Amino acid sequence: AQSVAQPEDQVNVAEGNPLTVKCTYSVSGNPYLFWYVQYPNRGLQFLLKYITGDNLVKGSYGFEAEFNKSQTSFHLKKPSALVSDSALYFCAVRDIWTGGGNKLTFGTGTQLKVEL
Amino acid sequence: NAGVTQTPKFQVLKTGQSMTLQCAQDMNHNSMYWYRQDPGMGLRLIYYSASEGTTDKGEVPNGYNVSRLNKREFSLRLESAAPSQTSVYFCASSERPSGGTDTQYFGPGTRLTVL
Numbered sequence: 303a304q305s306v307a308q309p310e311d312q313v314n315v316a317e318g319n320p321l322t323v324k325c326t327y328s329v330s331g332n333p334y335l336f337w338y339v340q341y342p343n344r345g346l347q348f349l350l351k352y353i354t355g356d357n358l359v360k361g362s363y364g365f366e367a368e369f370n371k372s373q374t375s376f377h378l379k380k381p382s383a384l385v386s387d388s389a390l391y392f393c394a395v396r397d398i399w400t401g402g403g404n405k406l407t408f409g410t411g412t413q414l415k416v417e418l
Numbered sequence: 002n003a004g005v006t007q008t009p010k011f012q013v014l015k016t017g018q019s020m021t022l023q024c025a026q027d028m029n030h031n032s033m034y035w036y037r038q039d040p041g042m043g044l045r046l047i048y049y050s051a052s053e054g055t056t057d058k059g060e061v062p063n064g065y066n067v068s069r070l071n072k073r074e075f076s077l078r079l080e081s082a083a084p085s086q087t088s089v090y091f092c093a094s095s096e097r098p099s100g101g102t103d104t105q106y107f108g109p110g111t112r113l114t115v116l
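Line by line, the protein sequences give chains A and B.
Residue 341 in the working numbering sits at position 39 of the first sequence, and the numbers go up by one each step.
Residue 35 in the working numbering sits at position 34 of the second sequence, and the numbers go up by one each step.
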């Protein structure tokens, strides 16, 4: 089965500084990777995904992620953090379920806190 | 275009009670999913429906049943609620049958507490 790991439960960063939220993956075959964000008491919102092509993927709200095959990583980045970026971030990988359908396998989430 | 909607937003049940969580999407998507979110565990798939008329078990199906009523609606039923089912439940949908590499779009969630 495919899996992703988010090694940090929480990341703190000052507003205006660059931020990185880490994700590593373990897959057999080609990795299809996603980042989602969850604001308090809200559902998950899609940020970006890597299917194939350029290793640097650009997404919503100024976020980007770098796919690194040799390091099996898919870290989420933003050049300049905003207080409004404070939220829970999930990395996910597409997996094939036993019934033949597709599902997402999620990491445990990283809480990002951006402070003034 | 409301996307994915879920009702109710909050629910408190006593052990042994039953209830149905409703989900609907207006994006004409083929695949629909039910996940539960528990602290420190991310989201886990309960059931999914690869297309209208089909459903299949996910990682944690015990204690749940689902119905894909039509292309728009996918409900989750707890027949006899247990405290271990206290969680936040999310419905999601994606465009193609069986999902492929499609983005999944999530509803706002239902917070369920079982006493």
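Beta carbons are placed, not taken as given, at the ideal position from N, Cα and C, and that holds for glycine.
Keep in mind that this is a model prediction, so the values were computed, not measured.
Within chain A, the residues that M33/B reaches when beta carbons sit closer than 7 Å: Chain A residues near M33/B: none, gap ~11 Å exceeds 7 Å.
Selected residue, minimal CA-CA separation from Q304/A, among L321/A, V313/A, N319/A and G331/A: G331/A
Simplified DSSP assignment, three categories, for V334/A: Inspection of the sequence shows that residue 334/A is occupied by Tyr rather than by Val. Correct three-state label for Y334/A: coil.
Beta-carbon contacts of S88/B that lie in its chain and below 7 Å, excluding the five residues immediately before and after: R37, Q38, D39 and L113
CA-to-CA distance, K324/A to P309/A, given in whole angstroms: Taking the straight line from one Cα to the other gives about 7 Å.
Counted within 10 angstroms of its Cβ, other Cβ atoms place D27/B as buried (16 or more) or exposed: exposed
Contact with chain B by V318/A, beta-carbon distance below 9 Å: Inspection of the sequence shows that residue 318/A is occupied by Gly rather than by Val. Not one chain B Cβ lies under 9 Å of G318/A.
heavy atom of the ligand SAH below 8 Å from R78/B C-beta: Among the components of this structure there are no ligands whatsoever, and the ligand SAH is therefore not found.
7 Å CB neighbourhood of P300/A in its chain, flanking five on each side removed: Residue 300/A cannot be examined here, being either before or after the span of chain A that is shown, 303 to 418.
Any chain B beta carbon closer than 9 Å to G355/A: No, G355/A does not count as interfacial toward chain B.
Amino acids of chain B, ordered along the chain, whose beta-carbon sits closer than 7 Å to that of G361/A: Correct list: empty, because the minimum Cβ distance to chain B is about 11 Å.
Contact set between Y334/A and chain B, taken where Cβ atoms lie within less than 8 Å: Here the neighbours are T102.
Residues of the segment 46-59 of chain B with Cβ closer than 7 Å to any Cβ of chain A, in chain order: L46, Y49, A51, D57 and G59
E74/B versus P381/A: straight-line alpha-carbon distance, rounded: 40 Å
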